[in-house]
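Heads up, the final residue of the sequence shown is numbered 76 in our numbering, and it's a clean run with no missing numbers.
All residues carry an ideal CB built from backbone N, CA and C; glycine is no exception.
First up is the structure itself, then whatever we jot down about it.
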Amino acid sequence: MCKSCRKGILKNREVAQTFEREGLEVKIEGIPALVCEQCGQVYYAPGISDKIVNAANGLFALSDKKHAGRLRAAV
Ligand SMILES: [Zn+2]
């Protein structure tokens, strides 16, 4: 049951999250999450959001400002 709207059903989904820093955008795809069918609230399993942030930081570290643009990665 969704804690946000209190009536939606949570479904296992793969979601994408985008991070932006100094003109560089990175997108992490294939993140396992529970998504509310009613309100769209996304719930990550414990520890997952830390891993996503670490992955985003790794992508930012890969590129420098000269190569501003988009990077994508899948979990
Ligand atoms: Zn909901």
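The C-alpha of L63 is placed about 39 Å away from the C-alpha of G9. With respect to the 8 Å criterion, A17 and E30 are classified as neighbours on the basis of their beta carbons. Summarising the contact set, residues whose Cβ lies nearer than 5 Å to any heavy atom of ligand 1 are, in chain order, C3, S5, C6, G9, C37, Q39, C40, Q42. In this structure, the straight-line span from the alpha carbon of E26 to that of N58 is close to 11 Å.
In this structure L35 is in contact with L11, their Cβ atoms being roughly 4 Å apart against a cut-off of 8 Å.
Contact check for A56 against A74 passes: the beta carbons are separated by less than 8 Å.
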